[in-house]
Every structure is written in structure tokens, then in C-alpha cells.
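Undergrad: When the letters of the sequence shown are read in order and numbered with my numbering, they come out as residues 41 to 356.
Take a look at the following structure, please.
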Amino acid sequence: MPLIIKKTSDIKSSEITPKSVYLDRRRFMKQVFASSLLVGADAMLPAWAKRWPDLPQSAFKADDKLTSLEDITSYNNFYELGTSKTDPAKNASLFNPNPWSIAVEGECNKPGVFNLEDFIKPYALQEYIYRLRCVEGWSMVVPWVGFSLADMLKKFEPNSKAKYVEFTTLLDKSRLPGQSRRVLNWPYVEGLRIDEAMNPLPIMAVGLYGDVLPNQNGAPIRLVVPWKYGFKSIKSIVKIRFVETMPNTTWNELAPKEYGFYSNVNPEVDHPRWSQSTERRIGEPFWKPKIKTEMFNGYGEQVAQLYTGMDLRKYF
Ligand code: MTE
41 MPLIIKKTSD
51 IKSSEITPKS
61 VYLDRRRFMK
71 QVFASSLLVG
81 ADAMLPAWAK
91 RWPDLPQSAF
101 KADDKLTSLE
111 DITSYNNFYE
121 LGTSKTDPAK
131 NASLFNPNPW
141 SIAVEGECNK
151 PGVFNLEDFI
161 KPYALQEYIY
171 RLRCVEGWSM
181 VVPWVGFSLA
191 DMLKKFEPNS
201 KAKYVEFTTL
211 LDKSRLPGQS
221 RRVLNWPYVE
231 GLRIDEAMNP
241 LPIMAVGLYG
251 DVLPNQNGAP
261 IRLVVPWKYG
271 FKSIKSIVKI
281 RFVETMPNTT
291 WNELAPKEYG
301 FYSNVNPEVD
311 HPRWSQSTER
321 RIGEPFWKPK
331 IKTEMFNGYG
341 EQVAQLYTGM
351 DLRKYF
């Protein structure tokens, strides 16, 4: 997908345009965005109409150099679109993420089924620059467009039995043809403990680099949990369920000794087949030394307290 990257101006449009005009423009952008999701992935809209050029930055943001849009969109894990790193980009056009709806179920007072437009409408989008560390030993720095997972979950009023949150990817082999092969137990399922989900860091992402989420990165909406290995950041979500018991997650079911439920980035606990102490930053020249992986991917200040008293070798 050819995308043009423009630099965000230092002067916000809100500062140079009368407020009423500015608000109208934002409303129009939202309408265009919503309709682009409804009419099709490659709606014939001008590029600017699908962009969020002046989003505020989130409070927590990695200062690392951003990974290029090309690398973020061409080196992917999305088994529903193929198992090699280049498959998802190659097969991205086979996946039509429109129309899209999300069901919220389980232990909450306000369950429901929502079309994507209604689902995301209540939230103010922000740019979140987060490190993504894959369990395979590579990492990226991605400028996501999204909103707080906690803010979203609270809207549905989880009750006292909601101890975990389970997320499920679309199950439809006509749209995600990789599901014709039984490489994983489809649909892809992930989960978080409720206090992890309510931490301010995790987001629901709907875009990156100021544009809608490319299909290969989990269009139209995905989870991003920056202190956990990348596979927790489930793509193309259609169901969110509040549950009392720990969800059975896809990778944990497939290989429980290799992929724990928690899967916090932890350089001291190796994967049975790989060391987790260093990582390769995608896009950096091959001769550059690998980076030392940080505990909780460098987000310890925000999340370490979630695991006080837990043996993280046992609960890996
Ligand atoms: N979600 C689904 N539904 N299917 C997948 O195969 N792969 C995971 C995660 N989410 C995956 C998924 C893995 S292993 C990683 S590392 C990240 O997505 C990669 O996200 P990215 O392609 O945006 O870098």
C-alpha cells in the first residue's frame, strides 16, 4: 500500500483555525473515516481523508527511533494471512475488514454488539509510540493510533466476577484464508488479567503512522500490550468477553511450556528454544550489536506492581 508520510506541523490546526471550523473539520474527518470503513478497504477517498495528522501524544511514549512504515508493514506475524514474515503483506488484499462489528459479552452490566464506527466513537484517539518485542527476538517501535483499553472496558461496567478479559480474532476463512490450514487452533484467542487490562498502558489500536491500520497489522482494530511479547497483541478483534477463569489462549494451548499466559517480556527467563536477553531492532543494519532486552520491555515503572510477590519464572 503506497503511503505518503508527511511531518506533523508544529502548529496545530486548532491554533490557526477558528474553533468552530476546526471542530467541523474534525467531525468531517470522522465521518469520512467511518464511511471509508463501510465502503471498503480501498475506498476511493483522497489520502488526507484517512489520516489523523495532529493527534495528541500519549503520556507514556518510547523515545526510541521509530521503525519505518515499510518495515512495520512488511515484516509481520499474522498467521491468518500466512506463516512467513512476508506473507501477511503479500496476502493483505485478500482480507476485507469491512464491514466489522464487535461483540462485548460475559461478566458485565452493559454487553452488546456494535459496529466499528459506534464502538470507537466515544474515545479520543491519541498517538502511542510503543516498543513491540516479539518472543522470536526482534523488536520494533511503532507510532500507533488508538485509545485506552481501560477507558473502553469501563464503559461496559464489568462486574465483580470479571477476573480476566478474553479477546477473539475474526473466524472466517473466506476473509482470512490462512485459517484454511490448521497451523493454529482458530480463532486466535488472547487474554489479560483484569488488572493488567485496566492498566493505562494497553490500547486498542485502529491505526499507525497517522493512517488506518493496514490489513497485515490487524485491521480494523487490534490490541497492543507493550510490556508483553508481541503475540499477546491480538489482531482483528471481533469479540471481547469478561470472564471469571483464566482464558485458554491460542499459543498457550499449542505449546504450554513455551508460551505462558502472562508472557511478560523478561530477559531473565529464556524461551526453551531461544535466549530472551537481547533483541534485534528491525531496520537496523546487520552489523549493529543487538540491543539488551529490558524487563517488562522497559515499562517496569508502569507495570511491575501488577506482579508483586509472583514468581515470574513460574508465571512466565
Ligand atoms: N494476532 C492474530 N490474530 N494472529 C497472529 O498470527 N501474531 C502475533 C500478534 N497478533 C498474531 C496476532 C504476533 S506473534 C506478533 S509478534 C504481533 O501480532 C505482530 O504484530 P505486527 O505484525 O503489527 O508487528
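Glycine included, C-beta positions come from ideal geometry on N, C-alpha and C.
So is the beta-carbon of C148 under 7 angstroms away from any non-hydrogen atom of the ligand MTE?
TA: Because no heavy atom of the ligand MTE lies under 7 angstroms away, the Cβ of C148 does not count as near it: no.
Undergrad: With distance defined between alpha-carbon atoms, name the residue in N225, L172 and R321 nearest to A295.
TA: Considering only alpha carbons, the answer is N225.
Undergrad: To the nearest angstrom, how far is it from the Cα of I112 to the Cα of E145?
TA: Their backbone Cα atoms lie some 32 angstroms apart in a straight line.
Undergrad: Closest to N136 by CA distance: which of V185, D94, D212 and A190 is it?
TA: Selected option, being the one with the closest Cα: D212.
Undergrad: When every heavy atom of the ligand MTE is checked, does at least one fall within less than 7 angstroms of the C-beta of M192?
TA: No, the Cβ of M192 stays beyond 7 angstroms of every heavy atom of the ligand MTE.
Undergrad: How should R171 be labelled, buried or exposed, when 16 other C-beta atoms within 10 angstroms of its C-beta is the threshold for buried?
TA: That one is buried.
Undergrad: Which term fits P329, buried or exposed, when burial requires 16 or more other beta carbons within 10 angstroms of its beta carbon?
TA: That one is exposed.
Undergrad: I need the DSSP call for T318, collapsed to helix, strand or coil.
TA: Reduced to three states, the DSSP call for T318 is strand.
Undergrad: Tell me whether K279, by its Cβ, gets closer than 7 angstroms to a heavy atom of the ligand MTE.
TA: No, the beta carbon of K279 sits no closer than 7 angstroms to any heavy atom of the ligand MTE.
Undergrad: Answer yes or no: the CB of K130 versus the heavy atoms of the ligand MTE, is any distance below 7 angstroms?
TA: K130: no, Cβ never under 7 angstroms from the ligand MTE.
Undergrad: Give me the Cα-Cα distance between K105 and Y249, rounded to the nearest whole angstrom.
TA: Going by the C-alpha atoms only, they are around 13 angstroms apart.
Undergrad: What residue does the alpha helix (DSSP H) around I234 start on, and which one ends it?
TA: Start and end: I234 to A237.
Undergrad: What did DSSP end up calling R66 once you bin it into helix, strand or coil?
TA: In this prediction, R66 has a pLDDT of 40, which is less than 50 and means its spatial position is unreliable; what the coordinates show is noted afterwards. Of the three classes helix, strand and coil, the one that applies to R66 here is helix, per DSSP.
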